[in-house]
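*Asks:*
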Amino acid sequence: MAQIFPKWTNTLPLILAVGGVFLLSGVTGFFWYYGSPKYTDVGYRPIQPVAYSHKVHAGDLGMDCRYCHNYVETSQEANVPPTQTCMNCHTLVLPESEKLLPVRESWATDKPIEWVRVHMLPEYAYFPHSPHLRAGVGCESCHGNVAEMEVVMQSQPLSMSWCLECHRNPDMHLRPSDQITVMGWQAPDNQLEFAARIKKEKNINPPENCSACHF
Amino acid sequence: MSTITKETDLKVHEDGELVEGNPTFASVTADISRAPEAGTPKLWFVAFGAALSLMGLGLTLIGYLFWEGTGIWGIQNPAGWGWAIINFVWWVGIGHAGTLISAILFLFRQRWRTAINRFAEAMTIFAVICALVFPGIHVGRVWVAYFMFPLPNQMGMWPNFRSPLLWDVFAVGTYFTVSLLFWYVGLIPDLATFRDRAKTKIKKAALAVFSLGWRGGNRQWQHYERAYLILAGLSTPLVLSVHSVVSFDFAVSLIPGWHTTIFPPYFVAGAIFSGFAMVMTLALIARKIYGLEHIITMRHLENMNKIMLLTGMMVGYAYSCEFFVAWYSGNLYEKAIFINRAIGPYAWAYWTMIFCNVVVPQIFWSRKMRRNIPVMFVASILINVGMWFERFVIVITSLSQDFLPSSWDYFSPTFFDVGIYLGTFGIFFTFFLLFLRFLPMVAIAEIKGVLPQADPHYYEHNGHH
Numbered sequence: 125m126a127q128i129f130p131k132w133t134n135t136l137p138l139i140l141a142v143g144g145v146f147l148l149s150g151v152t153g154f155f156w157y158y159g160s161p162k163y164t165d166v167g168y169r170p171i172q173p174v175a176y177s178h179k180v181h182a183g184d185l186g187m188d189c190r191y192c193h194n195y196v197e198t199s200q201e202a203n204v205p206p207t208q209t210c211m212n213c214h215t216l217v218l219p220e221s222e223k224l225l226p227v228r229e230s231w232a233t234d235k236p237i238e239w240v241r242v243h244m245l246p247e248y249a250y251f252p253h254s255p256h257l258r259a260g261v262g263c264e265s266c267h268g269n270v271a272e273m274e275v276v277m278q279s280q281p282l283s284m285s286w287c288l289e290c291h292r293n294p295d296m297h298l299r300p301s302d303q304i305t306v307m308g309w310q311a312p313d314n315q316l317e318f319a320a321r322i323k324k325e326k327n328i329n330p331p332e333n334c335s336a337c338h339f
Numbered sequence: 178m179s180t181i182t183k184e185t186d187l188k189v190h191e192d193g194e195l196v197e198g199n200p201t202f203a204s205v206t207a208d209i210s211r212a213p214e215a216g217t218p219k220l221w222f223v224a225f226g227a228a229l230s231l232m233g234l235g236l237t238l239i240g241y242l243f244w245e246g247t248g249i250w251g252i253q254n255p256a257g258w259g260w261a262i263i264n265f266v267w268w269v270g271i272g273h274a275g276t277l278i279s280a281i282l283f284l285f286r287q288r289w290r291t292a293i294n295r296f297a298e299a300m301t302i303f304a305v306i307c308a309l310v311f312p313g314i315h316v317g318r319v320w321v322a323y324f325m326f327p328l329p330n331q332m333g334m335w336p337n338f339r340s341p342l343l344w345d346v347f348a349v350g351t352y353f354t355v356s357l358l359f360w361y362v363g364l365i366p367d368l369a370t371f372r373d374r375a376k377t378k379i380k381k382a383a384l385a386v387f388s389l390g391w392r393g394g395n396r397q398w399q400h401y402e403r404a405y406l407i408l409a410g411l412s413t414p415l416v417l418s419v420h421s422v423v424s425f426d427f428a429v430s431l432i433p434g435w436h437t438t439i440f441p442p443y444f445v446a447g448a449i450f451s452g453f454a455m456v457m458t459l460a461l462i463a464r465k466i467y468g469l470e471h472i473i474t475m476r477h478l479e480n481m482n483k484i485m486l487l488t489g490m491m492v493g494y495a496y497s498c499e500f501f502v503a504w505y506s507g508n509l510y511e512k513a514i515f516i517n518r519a520i521g522p523y524a525w526a527y528w529t530m531i532f533c534n535v536v537v538p539q540i541f542w543s544r545k546m547r548r549n550i551p552v553m554f555v556a557s558i559l560i561n562v563g564m565w566f567e568r569f570v571i572v573i574t575s576l577s578q579d580f581l582p583s584s585w586d587y588f589s590p591t592f593f594d595v596g597i598y599l600g601t602f603g604i605f606f607t608f609f610l611l612f613l614r615f616l617p618m619v620a621i622a623e624i625k626g627v628l629p630q631a632d633p634h635y636y637e638h639n640g641h642h
């Protein structure tokens, strides 16, 4: 009987097997790395309507986060301040600055500045700020060291596994309540001791059930 | 064991030859290859068109289900499980005949299985495909179907490993994989036969790829038979495990009528029962149309009828045992659910089930009826109707009359329930007709092995060897 396939096809199964393994691990690896929120979301840095520098205000000038985001301890949202808050100082400080033109415009026309949201959670995830702050989680844990950012960017993946990681073991993120807004905070040597104590004192027991965040 | 007397030989003949009409090796090949090699008959196109339309209907309705959600089904409180799980369990059950015939009967050296095993294995695979449709669509959100599998994900979440619904995915998935492998390994020598007989180049090349370079040499046969034996050993526990796990979906819950230890063996018996009924229905049609009466003989049919009689009585025993336990347990809720099954709003379904599954197979006590083709054809269909109603009774009666009488309600299916169920018949027959048209529907090489010529009795002349 005549041969059905030429001789070179003998190596075909080997090539297919090896190629298959490479292809499979390649595709898996590709999505593992490039499909993860660590790649797709971290580093998101939209251009804002005002060239506002967190580095200048929170870093160099040392303003507390809560001067502008003043409802954060009592509300779900870390509110974006109204133009009034800016003008508290900027009627006197740099009143002629060109960079501040949109702020003065908003002030004059009574139209709010349209800031671009940086940290976005899906609508089906319920995240209130206040209980996290009450427990003593620092701003920095989720938002990164904002005091060093000229323009704010997303520094954490904000994925569900990232949330759960802290809910399962919050110890390294709990601070005394007077240090919540401190940037560049270093955990003290007795952090675990402190965490154990504060968890007991404040009855901190982060939920892991579905309806804690989804309902 | 040095002598084999004429008497034992005669006994075998009395029981009926495995293959009738004294065929030769060549004529067996020719008979089985005829249908796939000849042109497509008109009847096939008619049947295929019908199956394809039904499949189209099913897929369209499934598409609408994805668009609209499960509200289009008849499920409502308190019966949150409806036809999807009934159909799933029914199709998986039907799939059981394949492994039973190919693995357990093989290990027990029941050589009569050769005529029907290819057939039954193909049926198994297609039935499991139909079954797998339902877990995939039952939440109406196909885009989260991946969540049935423990895949690493950015949510850091896993399926609930303590849930029998997850065990189900593994059990049925394993079953499908092993059945497919078994079927394919068995096909290899026959595909090579087809390859050698192929007329066109493309057909030859395609068959050559799938027959994996089979030449039929002695060494290849040795490896092949070893592989087949190992696969048979691997899939034997699956016959028992798969439907046991399916029964856990119910038995592990706390619903009266479900929470019972008899479920695993009861489900396995029922699965084999319905599987054999389906093989019977299909084999009767195929042997008639393709003229394979001398290969799928009356002896095969009779044996299958005996198995149906046995398994039918097993499920009958389970039905009565459930009632006994409901009474004996003294559990008020258990008693109530079983009284309601027999005389409540679903009594019509319950007695349909009893008639089809318990009464109908009793006809096979008579040898005359066991060998009567119209009788066994009707009986095999009725048995599968009965087995569908068994799952209906289990799922619907227990759910629609739960612990809280104020929420009791009567379950009515909608057009979409029925349509999607019919659609799976379309899927099943589309695959099955393609199988009949293009593949050897009977294991050619194995049939040759049970011909008298395959075991020449040289020693008969002098009485020893």
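Residue numbers (our numbering), protein chains in the order written: chain A, 125 to 339; chain B, 178 to 642.
Quick reminder that beta carbons are idealized off the backbone N, C-alpha and C, glycines included.
Given the structure is predicted, the values throughout are model-derived calculations rather than measurements.
Quick test of your reading: I621 of chain B and T206 of chain B, contact by CB under 8 Å. State the CB separation rounded to the nearest angstrom.
*Replies:* Numbered from 1 along the second sequence, position 444 holds the residue referred to as residue 621 of chain B. Numbered from 1 along the second sequence, position 29 holds the residue referred to as residue 206 of chain B. Right, the Cβ-Cβ distance comes to about 6 Å (below 8 Å), so this counts as a contact.
*Asks:* Kindly indicate which three-state DSSP category L328 of chain B falls into: helix, strand or coil?
*Replies:* Taking the first residue of the second sequence as position 1, residue 328 of chain B is located at position 151. Of the three classes helix, strand and coil, the one that applies to L328 of chain B here is coil, per DSSP.
*Asks:* Name, going along the chain, the residues of the segment 161 to 174 of chain A whose beta-carbon falls closer than 7 Å to a beta-carbon of chain B.
*Replies:* Correct list: P161.
*Asks:* In chain B, which residues lie less than 9 Å from M284 of chain A when you measure between Cβ atoms?
*Replies:* Taking the first sequence and counting its residues from 1, one reaches residue 284 of chain A at position 160. Ordered by position in chain B, the residues that pass the 9 Å Cβ test against M284 of chain A are N330, Q331, M332, G333, M334.
*Asks:* Between the C-alpha atoms of A304 of chain B and W268 of chain B, what's the straight-line distance to the nearest angstrom?
*Replies:* Walking along the second sequence from the start, residue 304 of chain B turns up at place 127. Walking along the second sequence from the start, residue 268 of chain B turns up at place 91. Going from the Cα of A304 of chain B to the Cα of W268 of chain B covers about 5 Å.
*Asks:* Between K545 of chain B and chain A, is any beta-carbon pair separated by less than 8 Å?
*Replies:* For the purposes of this step, residue 545 of chain B is identified with residue 368 of the second sequence, where counting begins at 1. Not closer than 8 Å to any Cβ of chain A, the Cβ of K545 of chain B fails to qualify, so no.
*Asks:* Could you tell me which whole beta strand (DSSP E) segments of length 3 or greater appear in the segment 436 to 500 of chain B?
*Replies:* The qualifying runs do not exist here; there are none.
*Asks:* Given a limit of 7 Å on CB to CB distance, which residues of the segment 358 to 391 of chain B reach chain A?
*Replies:* So the list reads K381, A382, A385, given in the order they occur along the chain.
*Asks:* Name the chain B residues whose beta carbon is nearer than 9 Å to that of L288 of chain A?
*Replies:* Stepping through the first sequence from its first residue, residue 288 of chain A is reached at position 164. Ordered by position in chain B, the residues that pass the 9 Å Cβ test against L288 of chain A are M332, G333, M334.
*Asks:* For A409 of chain B versus G393 of chain B, is the C-beta spacing smaller than 8 Å?
*Replies:* In the second sequence, residue 409 of chain B corresponds to position 232, counting from 1. In the second sequence, residue 393 of chain B corresponds to position 216, counting from 1. Cβ atoms of A409 of chain B and G393 of chain B: not closer than 8 Å.
*Asks:* Any idea if V492 of chain B is buried or exposed, counting beta-carbon neighbours within 10 angstroms, 16 or more meaning buried?
*Replies:* To locate residue 492 of chain B, count along the second sequence from 1; it is residue 315. Classification of V492 of chain B: buried, given that the 10 Å Cβ count is 16 or more.
*Asks:* For the segment 140 to 169 of chain A, which segments carrying the alpha helix (DSSP H) assignment without a break, of at least 4 residues, lie completely within its bounds, in sequence order?
*Replies:* Listed in chain order, the complete alpha helix (DSSP H) runs (minimum 4 residues) inside the segment 140 to 169 of chain A are 161 to 164.
*Asks:* Nearest-angstrom Cα distance between W649 of chain B and W221 of chain B?
*Replies:* Since the displayed chain B opens at 178 and closes at 642, residue 649 of chain B lies outside it and no answer follows.
*Asks:* With a threshold of 8 Å between beta carbons, is L298 of chain A in contact with chain E?
*Replies:* Although the question refers to chain E, the structure presented lacks it and instead comprises the protein chains A and B.
*Asks:* Between the beta-carbon of A526 of chain B and the beta-carbon of F569 of chain B, is there less than 8 Å?
*Replies:* For the purposes of this step, residue 526 of chain B is taken as residue 349 along the second sequence, with counting starting at 1. For the purposes of this step, residue 569 of chain B is taken as residue 392 along the second sequence, with counting starting at 1. Yes. Within cutoff.
*Asks:* How about F500 of chain B and M530 of chain B: do their beta carbons lie closer than 8 Å?
*Replies:* The sequence position of residue 500 of chain B within the second sequence is 323, counting from 1. The sequence position of residue 530 of chain B within the second sequence is 353, counting from 1. It is not a contact, given that the beta carbons lie outside the stated cut-off.
*Asks:* As a quick exercise: from A:C337, A:T305, A:S230, A:P255, pick the residue whose alpha carbon is nearest that of I328 of chain A.
*Replies:* Working through the first sequence from its first residue, we reach residue 328 of chain A at position 204. Among A:C337, A:T305, A:S230, A:P255, the Cα nearest to that of I328 of chain A is on A:P255.
*Asks:* Pick helix, strand or coil for L616 of chain B, following the three-state DSSP scheme.
*Replies:* To locate residue 616 of chain B, count along the second sequence from 1; it is residue 439. Coil, per DSSP.
*Asks:* Could you give the first and the last residue of the continuous alpha helix (DSSP H) run that contains I621 of chain B?
*Replies:* By 1-based counting over the second sequence, the position of residue 621 of chain B is 444. Looking at the DSSP string, the run of the alpha helix (DSSP H) that includes I621 of chain B is 621 to 626.
*Asks:* Can you grab the Cα-Cα spacing for the pair R228 of chain A / A320 of chain A, in whole Å?
*Replies:* The residue you call residue 228 of chain A lines up with position 104 of the first sequence. The residue you call residue 320 of chain A lines up with position 196 of the first sequence. So the alpha carbons of these two residues sit roughly 49 Å apart.
*Asks:* Out of curiosity, what's the CA-to-CA distance linking G270 of chain B and S424 of chain B?
*Replies:* Here residue 270 of chain B refers to the residue found at position 93 of the second sequence. Here residue 424 of chain B refers to the residue found at position 247 of the second sequence. If you take the alpha carbons of G270 of chain B and S424 of chain B, they lie about 11 Å apart.
*Asks:* Could you compute how far the alpha carbon of F609 of chain B sits from the alpha carbon of A448 of chain B?
*Replies:* Locating residue 609 of chain B in the second sequence gives position 432, counting from the first residue. Locating residue 448 of chain B in the second sequence gives position 271, counting from the first residue. Roughly 20 Å separates the two Cα atoms.
*Asks:* Quick check on this structure: which residue in B:M300, B:W258, B:C498, B:A203 has the alpha carbon closest to the alpha carbon of T607 of chain B?
*Replies:* For the purposes of this step, residue 607 of chain B is taken as residue 430 along the second sequence, with counting starting at 1. Checked all of B:M300, B:W258, B:C498, B:A203; the closest Cα to T607 of chain B is B:M300.
*Asks:* CB-CB under 8 Å to I304 of chain A, same chain, minus the five flanking residues each way: which ones, in chain order?
*Replies:* Here residue 304 of chain A refers to the residue found at position 180 of the first sequence. If we look at I304 of chain A and ignore the five residues flanking it on each side, its Cβ neighbours are L257, G260, V261, G262, C263.
*Asks:* For the alpha helix (DSSP H) containing V562 of chain B, name the first residue and the last one.
*Replies:* Residue 562 of chain B sits at position 385 when you count from the first residue of the second sequence. Per DSSP, V562 of chain B belongs to the alpha helix (DSSP H) from 550 to 569.
*Asks:* Is DSSP giving L610 of chain B helix, strand or coil here?
*Replies:* Here the question's residue 610 of chain B lines up with position 433 in the second sequence. L610 of chain B falls in the helix class under three-state DSSP.
*Asks:* With DSSP as the reference, label V502 of chain B as helix, strand or coil.
*Replies:* Translated into positions along the second sequence, residue 502 of chain B becomes position 325. The answer is helix: DSSP assigns V502 of chain B an H, G or I state.
*Asks:* Strictly by DSSP, which residues pair up with L298 of chain A?
*Replies:* The residue you call residue 298 of chain A lines up with position 174 of the first sequence. The partner list for L298 of chain A (beta bridge, DSSP) reads A:V261.
*Asks:* Around the C-beta of H338 of chain A, are 16 or more other C-beta atoms found within 10 angstroms, so that it is buried, or is it exposed?
*Replies:* Position 214 of the first sequence, counting from 1, holds the residue named residue 338 of chain A. Looking at its Cβ environment, which holds fewer than 16 other Cβ atoms inside 10 Å, H338 of chain A is exposed.
*Asks:* Does DSSP put S340 of chain B in a helix, in a strand, or in coil?
*Replies:* Locating residue 340 of chain B in the second sequence gives position 163, where the first residue counts as 1. The answer is coil: DSSP assigns S340 of chain B none of H, G, I, E or B.
*Asks:* Is the beta carbon of S279 of chain A sitting closer than 8 Å to the one on H291 of chain A?
*Replies:* On the first sequence, residue 279 of chain A is found 155 positions in, with the first residue counted as 1. On the first sequence, residue 291 of chain A is found 167 positions in, with the first residue counted as 1. Contact flag unset, no.
*Asks:* Quick check: the Cα distance between S210 of chain B and T437 of chain B, rounded to an integer number of angstroms?
*Replies:* Position 33 of the second sequence, counting from 1, holds the residue named residue 210 of chain B. Position 260 of the second sequence, counting from 1, holds the residue named residue 437 of chain B. Answer to the nearest angstrom: the Cα atoms are 49 Å apart.
*Asks:* Just curious, the alpha helix (DSSP H) that N517 of chain B is in, first and last residue?
*Replies:* Locating residue 517 of chain B in the second sequence gives position 340, where the first residue counts as 1. 509 to 520 is the extent of the alpha helix (DSSP H) around N517 of chain B.
*Asks:* Hey, how far is the Cα of I293 of chain B from the Cα of D345 of chain B?
*Replies:* The sequence position of residue 293 of chain B within the second sequence is 116, counting from 1. The sequence position of residue 345 of chain B within the second sequence is 168, counting from 1. Straight-line Cα distance between these residues: approximately 28 Å.
*Asks:* Return the CA-CA distance between E247 of chain A and G167 of chain A, expressed in angstroms with no decimal places.
*Replies:* Here residue 247 of chain A corresponds to residue number 123 of the first sequence, with the count starting at 1. Here residue 167 of chain A corresponds to residue number 43 of the first sequence, with the count starting at 1. The alpha-carbon atoms of E247 of chain A and G167 of chain A are separated by roughly 21 Å.
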